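Enquirer: Got a structure here, written out as structure tokens. Questions coming.
Numbering (full-length UniProt numbering), first residue to last: 1 to 237.
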């Protein structure tokens, strides 16, 4: 799906001295603090990290009341960074006469306003629930649980906190606002780029430096851990 990127990051972190006996645990705690938070330099939300590797066997101790020590490491970060024009896939979780609500990746809310819903769909309420039905084929509809793909019209962030969208849709509060619904089709694979993070702030690297592969588990927040997948049925909207 577009909007997902795998980022190769060179990271510098400051570990608390209480983690001196288990530096890896201290590093993971710091990396965990990045999860599900918007990052301005990445222009996206960190969803997961893997293959974290501490580069040096020694670390520089900082002067001060609390002698933190500086650790250099590398890691791969999975970033969700939707931009205008990208095709995004999501599951419909709200159907109203003035908008369609969608959940992307089970975490992020998107809103498709009535002016952005295709003209060949009309709103209908029946004993089976609310839906947007195709004028040319009534068997084709967008309803609760439908998997749809749509293009991003605008994205927004909340200044570094978790994205939280109110139940009542407001375009300016939504992470995604679609331009139009699209047919289910092939989307591009995740892209890759090199970045450097120092003191928790990422900067462009551009060195193209590669690091040796290291097997490691994928670290994600609990709400993003994979669940049993059901077979998807795409709606040609």
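Quick reminder that beta carbons are idealized off the backbone N, C-alpha and C, glycines included. It should be emphasised that the depicted structure is a prediction, and the values quoted were computed from it without experimental measurement.
What do you get for residue 60, buried or exposed, if any count of 16 or more other CB atoms within 10 angstroms of its CB means buried?
Expert: As a first step, residue 60 is located in the chain shown; it is residue number 60 there, counting from the start. Exposed is the call here.
Enquirer: Hey, quick one: how far does the alpha helix (DSSP H) through residue 28 stretch, first residue to last?
Expert: Residue numbering aside, residue 28 sits at position 28 when the chain shown is read from its first letter. From DSSP, the alpha helix (DSSP H) with residue 28 extends over 23–32.
Enquirer: Smallest Cα separation from residue 16: which of 104, 118, 25?
Expert: Taking the first residue of the chain shown as 1, we reach residue 16 at position 16. Residue 16 has its Cα closest to that of 25, out of 104, 118, 25.
Enquirer: On the CB-based measure, 16 or more other CB atoms within 10 Å of its CB, does residue 164 come out buried or exposed?
Expert: For the purposes of this step, residue 164 is taken as the residue at position 164 of the chain shown. Interpretation of residue 164 is limited by its pLDDT of 35, a score under 50 that renders its predicted location unreliable; the figure taken from the coordinates is listed afterwards. That one is exposed.
Enquirer: Just list the residues that DSSP pairs residue 117 with in beta bridges.
Expert: In the chain shown, residue 117 corresponds to position 117, counting from 1. Its beta-bridge partners do not exist; DSSP assigns none.
Enquirer: Name the residue from 109, 137, 132, 101 whose alpha carbon lies nearest to the alpha carbon of residue 295.
Expert: The chain is shown from 1 up to 237; residue 295 falls before or after that span and cannot be answered.
Enquirer: Under the three-state reduction of DSSP, which class applies to residue 18: helix, strand or coil?
Expert: Within the chain shown, numbered from 1, the residue matching residue 18 stands at position 18. Helix.
Enquirer: My output table needs one value for residue 52: the three-state DSSP class, helix, strand or coil.
Expert: Along the chain shown, one-based indexing puts residue 52 at 52. In this structure, residue 52 counts as strand in the three-state DSSP scheme.
Enquirer: Just list the residues that DSSP pairs residue 73 with in beta bridges.
Expert: Start at 1 with the first residue of the chain shown, and residue 73 comes out as number 73. Its beta-bridge partners are 11, 54.
Enquirer: Quick check: the stretch 28–39 against the stretch 85–99, are there 3 or more CB pairs under 8 Å?
Expert: no
Enquirer: Kindly list the residues whose CB is nearer than 7 Å to the CB of residue 23, restricted to its own chain and excluding five residues on each side of it in sequence; keep chain order.
Expert: Locating residue 23 in the chain shown gives position 23, where the first residue counts as 1. Within the same chain, Cβ atoms closer than 7 Å to the Cβ of residue 23 are found at 15, 54, 71, the five residues on either side in sequence being excluded.
Enquirer: Could you tell me whether the stretch 133–144 touches the stretch 70–90, where touching means 3 or more Cβ pairs closer than 8 Å?
Expert: no
Enquirer: Would a C-beta distance cut-off of 8 Å place residue 76 and residue 27 closer than the cut-off?
Expert: Numbered from 1 along the chain shown, position 76 holds the residue referred to as residue 76. Numbered from 1 along the chain shown, position 27 holds the residue referred to as residue 27. No, Cβ-Cβ distance for residue 76 and residue 27 is not below 8 Å.
Enquirer: Between residue 134 and residue 12, what straight-line distance do the alpha-carbon atoms span, to the nearest angstrom?
Expert: Along the chain shown, one-based indexing puts residue 134 at 134. Along the chain shown, one-based indexing puts residue 12 at 12. Cα to Cα, residue 134 sits roughly 53 Å from residue 12.
Enquirer: Taking its Cβ as the centre, do 16 or more other Cβ atoms sit within 10 Å of residue 128, making it buried, or is it exposed?
Expert: By one-based count along the chain shown, residue 128 stands at place 128. Residue 128 should be labelled exposed.
Enquirer: Taking DSSP's pairing of strands, which residues face residue 85 in a bridge?
Expert: By 1-based counting over the chain shown, the position of residue 85 is 85. For residue 85, which the question treats as bridged, DSSP gives no partner whatsoever.
Enquirer: So, at 6 Å on beta carbons, what are the nonlocal neighbours of residue 98 in its own chain, with the 5 sequence-adjacent residues on each side left out?
Expert: Indexing the chain shown from 1 puts residue 98 at position 98. Result list for residue 98: 114, in chain order.
Enquirer: By a C-beta neighbour count over all protein chains shown, 10 Å radius and 16 as the cutoff for buried, is residue 64 buried or exposed?
Expert: For the purposes of this step, residue 64 is identified with residue 64 of the chain shown, where counting begins at 1. Exposed.
Enquirer: Find the nearest neighbour of residue 146 within the set 45, 100, 73, 83, judged by alpha-carbon distance.
Expert: By 1-based counting over the chain shown, the position of residue 146 is 146. Here the closest residue by C-alpha is 100.
Enquirer: Does the beta-carbon distance from residue 74 to residue 10 come in below 8 Å?
Expert: By 1-based counting over the chain shown, the position of residue 74 is 74. By 1-based counting over the chain shown, the position of residue 10 is 10. Here residue 74 is near residue 10, since their CB atoms are less than 8 Å apart.
Enquirer: With DSSP run on the structure shown, which of helix, strand or coil describes residue 44?
Expert: Residue 44 sits at position 44 when you count from the first residue of the chain shown. Looking at residue 44 - three-state DSSP - the assignment turns out to be strand.
Enquirer: Locate the beta strand (DSSP E) running through residue 96, then write down its first and last residues.
Expert: Numbered from 1 along the chain shown, position 96 holds the residue referred to as residue 96. Careful: residue 96 lies outside any beta strand (DSSP E) and carries neither H nor E.
Enquirer: Which residues does DSSP list as the beta-bridge partners of residue 134?
Expert: Looking up residue 134 in the chain shown gives position 134. Bridge partners of residue 134: 121.
Enquirer: Taking the straight line between their C-alpha atoms, what separation do you get for residue 126 and residue 3?
Expert: Counting from 1 along the chain shown, the entry for residue 126 is found at position 126. Counting from 1 along the chain shown, the entry for residue 3 is found at position 3. Taking the straight line joining both Cα atoms gives about 35 Å.
Enquirer: Under a Cβ-count criterion, where at least 16 other Cβ atoms within 10 Å of its own Cβ denotes burial, should residue 44 be classed as buried or exposed?
Expert: Working through the chain shown from its first residue, we reach residue 44 at position 44. Answer is buried; the Cβ neighbour count reaches 16.
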